[in-house]
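Engineer: In the UniProt record's numbering, the protein residues as written are 1 to 595.
Mind looking over this structure? Questions follow.
Take a look at the structure:
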């Protein structure tokens with residue numbers, strides 16, 4: 001091949017050093033530091049109690065001892081908080097280190113593949129001899145493609161080195177910012193200067209989720225990591241931030257709560273007011289373990305999970321929590337499942353199980369798009385059937401506003417690549433969803449109501465923000481709760497204001513009703529067991545919900561609407577139909593381990 005037909009083949013790429021450190025060992029250090037922080041906090045609390053006990057012991061000695069105990073408590077309380085912040089920072093460092101080492105493995109594989117392709121091209125060019133014009137053009141095109149690959153790998157290497165250096169600097173600043181007693185006792189002990197600077201630029205909550213998202217995206221990765229470590233309680237539950245950031249922050253809070261509360265329980269010092277917080281934290285841990293380990297039966301699909309909301313002390317100890325199966329930041333189809341009465345934070349494991357089953361249905365019967373399904377308990381659901389709140393709409397009205405805000409936050413966090421989004425309200429959660437869609441412009445594409453006792457302020461599906469064509473209802477004819485909604489001439493205004501609104505399965509409401517009978521339903525007896533069967537695997541309801549979540553609500557298997565004739569009580573055409581488990585796209589696999 002002559003000089004006029006030279007093919008310029010790009011150079012080789014040097015190997016890149018793997019980031020030093022063992023993430024597992026670093027996480028073990030974080031756990032040890034957290035335990036030490038809990039001990040310091042316990043010491044300061046005990047010292048404070050001793051100081052308060054001076055009323056039982058009088059005199060100069062008692063005064064001196066009380067003053068000493070107070071100084072001890074005041075000195076050790078901030079030291080405990082500082083050590084807790086350091087422990088969280090070490091945990092963030094470990095997570096980032098694990099990510100960096102994984103990316104190093106990918107880059108190393110890319111370099112190996114690049115060199116293999118480069119060697120093949122070198123050999124072919126050297127053996128080409130008097131190549132034709134077409135061969136030369138093909139060689140040059142392959143060389144240009146190879147050059148583009150090389151440039152991308154080099155950028156990845158530079159990014160890896162930069163982020164590795166930033167991660168190490170983050171840890172160094174973390175420790176040097178709290179390596180003296182004075183620093184440990186200061187308000188900023190253990191907080192990175194990066195976090196302090198970044199948090200001062202954080203918009204107020206009233207600025208809205210879009211402003212929050214712009215602020216977050218304007219930060220460097222190092223600043224984001226520093227904020228998660230220093231202020232997880234603010235980052236974890238802030239609408240507009242990416243789900244990945246909220247998840248990282250909320251898992252830090254969960255780990256800290258469990259370490260503190262379980263140690264106190266072991267020591268016999270757990271206060272009565274902390275009991276519900278421990279129960280809720282354990283429930284969140286159980287639910288996360290199930291969703292983290294979940295693999296769709298019969299496949300290699302391991303969607304992972306995210307702790308999107310964590311607030312174990314909310315609503316007088318009932319708690320708030322939201323856990324997603326799949327990636328809320330990237331999924332094409334996202335659903336938010338709103339539960340109803342008798343749902344508290346310690347019910348999170350069963351709620352997450354339903355989310356995994358819905359994920360399965362959307363994936364099995366869907367068009368191949370990616371999915372994320374989220375169990376969302378962000379409102380104060382009525383405690384039980386006998387709770388007076390069950391017969392009124394106050395909790396639903398408040399919850400509807402909270403739900404709309406949550407969805408706005410999800411939308412804002414991925415404004416550049418919006419998802420198809422579905423809200424699924426079950427039981428009293430359907431009334432909550434109705435308030436969100438009627439009074440607060442719930443920003444979803446489709447709404448499904450299942451087991452609904454009434455639609456609150458909405459008299460017709462067209463009252464919803466999505467329009468009647470995108471409102472669906474599933475009602476098991478044996479479901480006692482779903483029989484509480486209004487039909488025909490009987491209205492709640494005639495019942496002293498009690499009741500939860502129109503039955504969405506009725507002709508009066510005008511939603512698309514889909515088949516939702518259970519093969520195990522009771523024999524012509526309305527009951528509460530059938531109220532809990534809408535997410536059963538291989539059920540009519542679950543299949544249809546999967547189609548809606550996947551964006552194909554027009555493919556649901558429809559059912560005739562209920563109606564209220566003038567000559568008798570409300571009639572449900574589904575009551576005499578034989579239900580089936582033989583629905584399209586059904587899964588024949590087993591569930592696996594229960595949470």
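Ideal Cβ positions, reconstructed from N, Cα and C, are used throughout, including at glycine.
Going by other Cβ atoms of all chains shown within 10 Å of its Cβ, with 16 needed for buried, is residue 578 buried or exposed?
Structural biologist: On the chain shown, residue 578 is found 578 positions in, with the first residue counted as 1. It is exposed - the Cβ of residue 578 has fewer than 16 other Cβ atoms within 10 Å.
Engineer: Hey, how far is the Cα of residue 313 from the Cα of residue 287?
Structural biologist: Walking along the chain shown from the start, residue 313 turns up at place 313. Walking along the chain shown from the start, residue 287 turns up at place 287. For residue 313 and residue 287, the distance between alpha carbons rounds to 18 Å.
Engineer: Does the beta carbon of residue 191 fall short of 6 Å from some heavy atom of the ligand ZN?
Structural biologist: Ligands are entirely absent from the displayed structure, and the ligand ZN is therefore not among its contents.
Engineer: Out of curiosity, what's the CA-to-CA distance linking residue 268 and residue 513?
Structural biologist: Taking the chain shown and counting its residues from 1, the one referred to as residue 268 is at position 268. Taking the chain shown and counting its residues from 1, the one referred to as residue 513 is at position 513. Residue 268 and residue 513: Cα-Cα distance of roughly 54 Å.
Engineer: Reducing DSSP to helix, strand and coil, say where residue 224 ends up.
Structural biologist: Taking the chain shown and counting its residues from 1, one reaches residue 224 at position 224. Reduced to three states, the DSSP call for residue 224 is helix.
Engineer: Which residues mark the beginning and the end of the alpha helix (DSSP H) in which residue 278 is found?
Structural biologist: The residue given as residue 278 occupies position 278 in the chain shown. Element bounds for residue 278: 275-293.
Engineer: Here's the rule I'm using: 16 or more other beta-carbon atoms within 10 Å means buried, otherwise exposed. How should residue 134 be labelled?
Structural biologist: Stepping through the chain shown from its first residue, residue 134 is reached at position 134. With fewer than 16 other Cβ atoms within 10 Å, it is exposed.
Engineer: When you compare only the Cα positions, how much space is there between residue 533 and residue 228?
Structural biologist: Taking the first residue of the chain shown as position 1, residue 533 is located at position 533. Taking the first residue of the chain shown as position 1, residue 228 is located at position 228. The alpha-carbon atoms of residue 533 and residue 228 are separated by roughly 39 Å.
Engineer: Taking residue 472 as part of the beta strand (DSSP E), name the residues at either end of that continuous run.
Structural biologist: What you label residue 472 is simply residue 472 of the chain shown in a count that begins at 1. Where residue 472 is concerned, the enclosing beta strand (DSSP E) stretches over 471-474.
Engineer: With burial defined as no fewer than 16 other Cβ atoms inside 10 Å of the residue's Cβ, what is the status of residue 569: buried or exposed?
Structural biologist: As a position in the chain shown, residue 569 is number 569, starting the count at 1. Looking at its Cβ environment, which holds fewer than 16 other Cβ atoms inside 10 Å, residue 569 is exposed.
Engineer: How many angstroms separate the CA atom of residue 11 from the CA atom of residue 301?
Structural biologist: Translated into positions along the chain shown, residue 11 becomes position 11. Translated into positions along the chain shown, residue 301 becomes position 301. If you take the alpha carbons of residue 11 and residue 301, they lie about 38 Å apart.
Engineer: Given that a residue counts as buried once 16 or more other Cβ atoms are within 10 Å of its Cβ, and exposed if not, what is residue 246?
Structural biologist: Working through the chain shown from its first residue, we reach residue 246 at position 246. With 16 or more other Cβ atoms within 10 Å, it is buried.
Engineer: Consult DSSP for residue 250 and reduce its assignment to one of helix, strand or coil.
Structural biologist: Walking along the chain shown from the start, residue 250 turns up at place 250. Residue 250 falls in the helix class under three-state DSSP.
Engineer: Taking Cβ positions, are residue 400 and residue 436 nearer each other than 7 Å?
Structural biologist: Locating residue 400 in the chain shown gives position 400, counting from the first residue. Locating residue 436 in the chain shown gives position 436, counting from the first residue. In contact: residue 400 and residue 436 (Cβ atoms closer than 7 Å).
Engineer: From the DSSP secondary-structure annotation, give me the bridge partner or partners of residue 373.
Structural biologist: Locating residue 373 in the chain shown gives position 373, counting from the first residue. BP columns for residue 373 point to 325 and 335.
Engineer: In the DSSP output, what is residue 562 paired with across the bridge?
Structural biologist: If you number the chain shown from 1, residue 562 lands on position 562. DSSP output for residue 562 lists 506 as bridge partner(s).
Engineer: How many Å lie between residue 464 and residue 174 at the Cα?
Structural biologist: As a working note, residue 464 is residue 464 in the chain shown. As a working note, residue 174 is residue 174 in the chain shown. Computed Cα separation, rounded: 50 Å.
Engineer: Look at the alpha carbon of residue 216 and the alpha carbon of residue 28, and state the distance between them as a whole number of angstroms.
Structural biologist: Working through the chain shown from its first residue, we reach residue 216 at position 216. Working through the chain shown from its first residue, we reach residue 28 at position 28. For residue 216 and residue 28, the distance between alpha carbons rounds to 29 Å.
Engineer: Give me whichever residues DSSP pairs with residue 448 in a beta bridge.
Structural biologist: As a working mapping, residue 448 is identified with position 448 in the chain shown. 424 and 472.
Engineer: What does the alpha-carbon distance come out to for the pair residue 496 and residue 360?
Structural biologist: Taking the first residue of the chain shown as 1, we reach residue 496 at position 496. Taking the first residue of the chain shown as 1, we reach residue 360 at position 360. Below a pLDDT of 50, predicted positions are generally treated as unreliable, and residue 496, at 48, falls in that range; the measurement from the model is reported next regardless. Computed Cα separation, rounded: 43 Å.
Engineer: Whose C-beta lies closer than 7 Å to the C-beta of residue 494 among residues of the same chain, with five residues either side of it excluded?
Structural biologist: Your numbering for residue 494 matches position 494 in the chain shown. Low per-residue confidence applies at residue 494: pLDDT is 44, beneath 50, and the placement is therefore not dependable, though the value from the model is reported in the following sentence. If we look at residue 494 and ignore the five residues flanking it on each side, it has no Cβ neighbours.
Engineer: Which same chain residues end up closer than 6 Å to residue 149 when comparing Cβ atoms and leaving out the 5 residues on each side of it in sequence?
Structural biologist: Residue mapping note: residue 149 aligns to position 149 of the chain shown, counting from 1. Within the same chain, residue 149 has close Cβ partners 114.
Engineer: Looking at the unbroken alpha helix (DSSP H) that takes in residue 398, where does it start and where does it end?
Structural biologist: The residue you call residue 398 lines up with position 398 of the chain shown. Segment 394-413, the alpha helix (DSSP H) holding residue 398.
Engineer: When you compare each of 432, 370, 202 and 331 to residue 378 by their alpha carbons, which one comes out closest?
Structural biologist: As a working note, residue 378 is residue 378 in the chain shown. Nearest option by C-alpha distance: 432.
Engineer: Looking only at C-alpha atoms, which of 26, 460 and 206 sits nearest to residue 167?
Structural biologist: To locate residue 167, count along the chain shown from 1; it is residue 167. When each option's Cα is compared against that of residue 167, the closest is 26.
Engineer: Can you tell me whether residue 215 is helix, strand or coil according to DSSP?
Structural biologist: Along the chain shown, read from residue 1 onward, the residue named residue 215 stands at position 215. Three-state result, residue 215: helix.
Engineer: Suppose contacts are defined by Cβ-Cβ distances below 7 Å. Is residue 362 in contact with residue 334 by that definition?
Structural biologist: As a first step, residue 362 must be located in the chain shown, where it is residue number 362. As a first step, residue 334 must be located in the chain shown, where it is residue number 334. No, the pair does not count as a contact, with Cβ atoms beyond the cut-off.
Engineer: Our contact map puts residue 448 next to residue 472 with C-beta atoms below 8 Å; I'd like the distance itself, whole angstroms only.
Structural biologist: Residue 448 sits at position 448 when you count from the first residue of the chain shown. Residue 472 sits at position 472 when you count from the first residue of the chain shown. The pair is a contact, with the Cβ atoms about 4 Å apart (cut-off 8 Å).
Engineer: Would residue 516 and residue 546 qualify as a contact pair, given that the criterion is a beta-carbon distance under 7 Å?
Structural biologist: Taking the chain shown and counting its residues from 1, the one referred to as residue 516 is at position 516. Taking the chain shown and counting its residues from 1, the one referred to as residue 546 is at position 546. No, the Cβ-Cβ distance between residue 516 and residue 546 is not below 7 Å.
Engineer: By how many angstroms is the C-alpha of residue 422 removed from the C-alpha of residue 83?
Structural biologist: Within the chain shown, the letter at position 83 stands for residue 83. Within the chain shown, the letter at position 422 stands for residue 422. Rounded to the nearest angstrom, the two C-alpha atoms are 42 Å apart.
Engineer: I'd like the span of the alpha helix (DSSP H) that includes residue 364, first residue to last.
Structural biologist: To locate residue 364, count along the chain shown from 1; it is residue 364. It spans 348-364 - the alpha helix (DSSP H) in which residue 364 sits, taken as one unbroken run.
Engineer: Here's a check: name, in chain order, each residue in its chain whose Cβ is nearer than 8 Å to the Cβ of residue 146, leaving out the five neighbours to either side.
Structural biologist: Residue 146 sits at position 146 when you count from the first residue of the chain shown. Taken in chain order, the residues that qualify are 9, 10, 114, 117, 118 and 121.
Engineer: Considering only DSSP beta bridges, list what residue 114 is partnered with.
Structural biologist: Along the chain shown, one-based indexing puts residue 114 at 114. The partner list for residue 114 (beta bridge, DSSP) is empty, contrary to what the question assumes.
Engineer: On the DSSP letters alone, give me the boundaries of the alpha helix (DSSP H) that residue 156 sits inside.
Structural biologist: In the chain shown, residue 156 corresponds to position 156, counting from 1. That run of the alpha helix (DSSP H) goes 133-176.
Engineer: Starting from the Cα of residue 520, find the closest Cα among 467, 530 and 129 and give me that residue.
Structural biologist: Position 520 of the chain shown, counted from the start, is the residue given in the question as residue 520. Measuring from the Cα of residue 520, the nearest candidate turns out to be 530.
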